[in-house]
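Have a look at the structure below before the remarks.
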């Protein structure tokens, strides 16, 4: 199937394409990506993305570690620019997941040295190898929302100001800025996805154990196990999450997005961890509820997430499957 690459000089010309249903500017012909390299394809999210790509794409995992599942694999480091350039040649697209996740790095400097430099290398290698389309993992951590740092308004969309505090969150903001830079050069088409906390199947029971504590927002006491399960750890102020398979589907959906040369999408479940009533919780956490710009959203569903994913719904045709009750059912069935 052919796609039209945006021509910023002709903003009034639109073409409706069947893959997303979104209006797309006319421009150069762009073929739907089929051959895809996934950096970090052996990682915790990478395995789910590789599985989601199996049906309609030829995917290769690029990682410093071999994948757990049987899948095409390239052993390479995102800090090795020549290796990346060689691996990207002949590919249609790159999904960039590799780097330190929040809490994984040995120190804050490592987030900048690996995440930021690695992303720069990925962008440069794609440009040098002639790969046009990239989907890049950012994070809602870049928003900088904590128990003492309330959002400006609800629900929180992609236009909300970024105020990162830690090095991980800052690295994601810098990566988005670098992506804009490469797109402005006219060489790349980049989609940045901001998944919130990704709940993997093996972590579901731990999060439920954390919710059972008197204060789920604080770290559990040392050596505490609930029914043999170590509680997850302090939960975020906004209690947002997305399940692994839903996040993976978002990355695959973004491969088909061509409406704009650069865009950002939030990926999150429709409700929150523990399924609290959203506005009362926000008022309790922050002392007062932030400005509610869409009251009808919370009137229709008092448990609706503080994160607004309508952009992903409308332009990626992506929606999360199920809600927190399905997470509970899954954990209890194990």
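In this note's numbering, the protein residues as written are 130 to 463. Just so you know, even glycine gets a beta-carbon here, dropped at the ideal spot from N, CA and C.
With distances taken between CA atoms, residue 265 lies nearest to 301 out of 301, 366, 337. The beta carbon of residue 463 sits closer than 7 Å to those of 334, all from its chain and outside the five residues before and after it, given in chain order. Counting the other Cβ atoms within 10 Å of the Cβ of residue 290 gives fewer than 16, which makes it exposed.
Just so you know, the alpha carbons of residue 212 and residue 236 end up roughly 26 Å apart.
For residue 200, DSSP records no beta bridge to any residue. In this chain, the alpha helix (DSSP H) harbouring residue 177 covers 175-182. Within the stretch 251-296, complete beta strand (DSSP E) segments of at least 3 residues are found at 262-266, given in chain order. Residue 328 sits close to residue 370, with the two beta carbons spaced by under 7 Å. As for any beta strand (DSSP E) of minimum length 3 sitting wholly inside the stretch 314-364, the runs are 318-324, ordered along the chain. Taking the Cβ atoms as the reference, residue 433 lies roughly 14 Å from residue 395, outside the contact range of under 8 Å. Put simply, of 194, 263, 161 the residue whose alpha carbon is nearest the alpha carbon of residue 304 is 263. The C-alpha of residue 214 is placed about 13 Å away from the C-alpha of residue 248. With contacts defined as CB atoms closer than 7 Å, residue 178 and residue 377 qualify as a contacting pair. Segment contact: the stretch 243-257 against the stretch 219-227, three or more CB-CB distances shorter than 8 Å; contact assigned. For residue 429, no beta strand (DSSP E) encloses it; the enclosing alpha helix (DSSP H) starts and ends at 424-429. Looking at the DSSP output, residue 225 shares a beta bridge with 168, 265. By the beta-carbon neighbour count (other beta carbons within 10 angstroms, threshold 16), residue 368 is buried. Within the same chain, and ignoring the five residues on either side of residue 361 in sequence, the residues whose Cβ sits closer than 6 Å to its Cβ are 335, 336, 339.
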